[in-house]
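Numbering-wise, this note's numbering puts 437 at position 260 of the sequence shown, and it's gapless, one number per residue.
In what follows, a structure is listed as structure tokens, so that the remarks can point back to it.
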Amino acid sequence: MKTHYILSSIPTETGPVPQVSTRLNSCDLLGTIMVRWSINRDNYKVKPGLYAAGNPDSTSDVFVSANYKLSFDHLRKNLDGINGWILVLDTKGINVWCAAGKGTFGTKELTKQITETNLEKIVHHKRIIVPQLGATGVAAHEIKEKTGFHVFYGPVKASDIKEFLSARFRKTKEMRTVTFGFYDRAKLIPVDLMFGKYYLLGALSIFFILSMLLKTGLSSIESVYYGLHSVFNIFLGYISGLVFTPLLLPFIPFRSFAMKGFVTGTLTFIALFLLHHTGQSYLENISWFFIITGISSFLAMNFTGSSTYTSLSGVKKEMKIAIPIQIGFSALGLILFIIGLII
178 MKTHYILSSI PTETGPVPQV STRLNSCDLL GTIMVRWSIN RDNYKVKPGL YAAGNPDSTS
238 DVFVSANYKL SFDHLRKNLD GINGWILVLD TKGINVWCAA GKGTFGTKEL TKQITETNLE
298 KIVHHKRIIV PQLGATGVAA HEIKEKTGFH VFYGPVKASD IKEFLSARFR KTKEMRTVTF
358 GFYDRAKLIP VDLMFGKYYL LGALSIFFIL SMLLKTGLSS IESVYYGLHS VFNIFLGYIS
418 GLVFTPLLLP FIPFRSFAMK GFVTGTLTFI ALFLLHHTGQ SYLENISWFF IITGISSFLA
478 MNFTGSSTYT SLSGVKKEMK IAIPIQIGFS ALGLILFIIG LII
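Next up, the structure:
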């Protein structure tokens, strides 16, 4: 693992502590772009332990982070101009929010890192700042009992840290509020797009071959053109679920993500139909309605794991009802599509 973000080290009573840059460089930015597109995502992590931002001393604050490098980078860049310590937990390369739910960003790991880094010998105070999104995994009273450190839950966004410190660890309502705006949703789209890339390629290949082989009465060039039409329709169904749905999320009716995906899938089908892209017969048109809406509805549910709008019990209930319907829609659409090609 490259450590281009480490500048030098800070001497302490327990030994040197790596000093990290609070300015992201081209390597960090390239790494962010790659991991957003799910490249090297499983290995994008830093070594757990204690790091220094700026030139901290025994009175400086301690900020807790996950060892997912994207989380680590986001914290350190927002500590620019602040002298502080960063205590990185071993979350197996998972971000704070998800790791708190999985239990890796939790009381046990935080206690372990406080002990192993001899934090009580490095700072003379007994306070430690945990991000609010990690609060579900950290029991403050247990940390106090086991280590003597008082846990302060910081703001939702690292960008509010400076204001949080200026207010002497008091949070405004805005600092406590979890938002999920357009930009937040857009950042998550590339990962979902890449996650299903092999299934997409498989579906595109199947429909392209079926369209070429089964469509009768066409020349070879026309068959290829018809096959490309089918490929385009499948691709738009994929985009509908993974791009259109999250971008338009607040404006789409229904609470269920499956229904939201069905709505965007229906709108996508209508657009293709008006462009004469769904076939020449009623059977072909109907088949594409079932295929596109089934795909869009199913893929839209991928976003439940990224959204702040859902709960685990709600997701399980939704999937139990929606998945059989989505499979039925897709299967019926495929059958009607094949029948439409051969008659």
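Just so it is clear, CB atoms sit at the ideal spot from N, CA and C, and this is done for glycine as well.
On a predicted model such as this, the values are computed, not experimentally measured, just so you know.
- According to DSSP, Y228 shares a beta bridge with I263.
- Around the beta carbon of V328, a 10 Å sphere encloses 16 or more other beta carbons of the protein chains shown; the residue is thus reported as buried.
- Cβ neighbours of T441 within its own chain (closer than 6 Å, five residues either side excluded): S417, F421, T422, S473.
- Straight-line spacing of the CA atoms in I263 and A344 works out to 20 Å.
- As DSSP reads the structure, F240 sits in a beta bridge with I263, I306.
- Assignment of Q503 by DSSP, reduced to helix, strand and coil, places it in the helix class.
- Membership of L460 in any beta strand (DSSP E) is not indicated; the residue belongs instead to the alpha helix (DSSP H) covering 459-477.
- Within the region 329-404, the alpha helix (DSSP H) runs of at least 4 residues that lie entirely inside it are, in chain order, 338-343, 350-353, 359-372, 374-391.
- Between F282 and L266, the CB-CB gap stays under 8 Å.
- Under the criterion of beta carbons closer than 8 Å, T288 and I320 qualify as touching, at roughly 6 Å.
- Counting only residues of its own chain and dropping the five nearest sequence neighbours on each side, F346 has a CB closer than 6 Å to the CB of F329.
- With respect to the 8 Å criterion, I305 and V241 are classified as neighbours on the basis of their beta carbons.
- Within the DSSP secondary-structure output, K222 pairs in a beta bridge with Y245.
- Here S198 is not bridged, per DSSP, to any residue.
- For S235, no beta strand (DSSP E) run applies, since DSSP gives it neither H nor E.
- Closest option to I519, judged by alpha-carbon separation, among L460, Q290, E286, A499: L460.
- Per DSSP, I429 is not a residue of any beta strand (DSSP E), being assigned neither H nor E.
- Boundaries of the alpha helix (DSSP H) around L207: 203-213.
- Under a 10 Å Cβ-count criterion, G379 is classified as exposed, with fewer than 16 other Cβ atoms of the shown protein chains found around its own Cβ.
- If you draw a straight line from the Cα of L509 to the Cα of F475, it comes to about 15 Å.
- Comparing alpha-carbon positions, the option among T236, K323, N244, E286 lying closest to G314 turns out to be E286.
- Note on geometry: alpha-carbon atoms of V223 and E351 lie some 30 Å from one another.
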